[in-house]
Amino acid sequence: MLQQLFNDLIKQDVKPFLSKHGFAKKSLNFSKTTDGLIYLFNFQKSSGNSADNVMFYVNCGIYSAELAQIQAKEILTAPQEVECHFRARIKEIARAVPDRFAITPDTNRDDLRKTLLSGLEEVIHFYETMTSARSIVDYYISGPFLHLGEESFHLLLQSNDAAAAKRYLKALHEKYGAENRWTLFENKYKAIFDKYGVEFDTIRS
């Protein structure tokens, strides 16, 4: 019964809404391809679901052909969410929605639909600001996050933006420099800087 409610939610609410924004459905994945980027929504059912409690997550992803090239991986036309370069749960982008959604016998379908669709809409607006491989890189640089670090340095140095690469390196060093694993990252990053003939300096304190 609740499983049916989940199926109806996807079919009657989510699918028409995302179709309107150019997303095509394949099982529980919705994707939209633009020039060089693929935007993805993945509805992931929780493994602990029962007859009276159906829980699901909404995963968001952006796949970049340019970043796949930098990684020397084959370019995918139908990537899974785990293969995306940008990955986030819906709550990381749309703060007002829950980390996971639950359908129970008490669930008000209208409320669930409104919350879910407003969250998806917010993510779509966010996707509209992510228009290139550089947008994805800038998102992780602003963290600063180690995720996509090597790809980010390649992208920045390839496009002759050594200043941004150095700022990112300095920010990563300030955030992670005290950790034991930092040396491993530092060695990888130095090799990339050397490849592009850019001086490598992690501003030692």
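Here my numbering is used: the first residue of the sequence shown is 29, the next is one more, and so on. Even for Gly, the Cβ is constructed at its ideal location relative to N, Cα and C. Being a predicted model, the structure only gives us computed values, none of them experimental.
C-beta atoms of residue i and residue j nearer than 8 angstroms
i, j, result
"A66", "Y91", "The question names Ala, yet the displayed sequence has Ile at residue 66. Yes, these two residues count as a Cβ contact at 8 angstroms."
"V125", "K119", "yes"
"A193", "V165", "no"
"N70", "N81", "no"
"I121", "H49", "no"
"G147", "C112", "no"
"L176", "F213", "no"
From the options, residue whose alpha carbon lies closest to that of residue i
i, options, result
"S78", "K54, Q31 and T159", "Q31"
"K218", "S55, F84, E178 and A116", "E178"
"E94", "D63, L56, A106 and Y224", "D63"
"K216", "A106, A190, A199 and F181", "F181"
"Y224", "Y204, L200 and D189", "D189"
Opposing strand residues paired with residue i [DSSP bridges]
i, result
"K54", "N57"
"M158", "M158 pairs with nothing; no bridge assigned."
"M83", "A130"
"K223", "For K223, which the question treats as bridged, DSSP gives no partner whatsoever."
CB-CB length for residue i against residue j, believed under 8 angstroms
i, j, result
"Y196", "P172", "6 angstroms"
"L185", "I220", "7 angstroms"
"F129", "L140", "7 angstroms"
Under the three-state DSSP convention, the category residue i falls into
i, result
"I38", "helix"
"L185", "helix"
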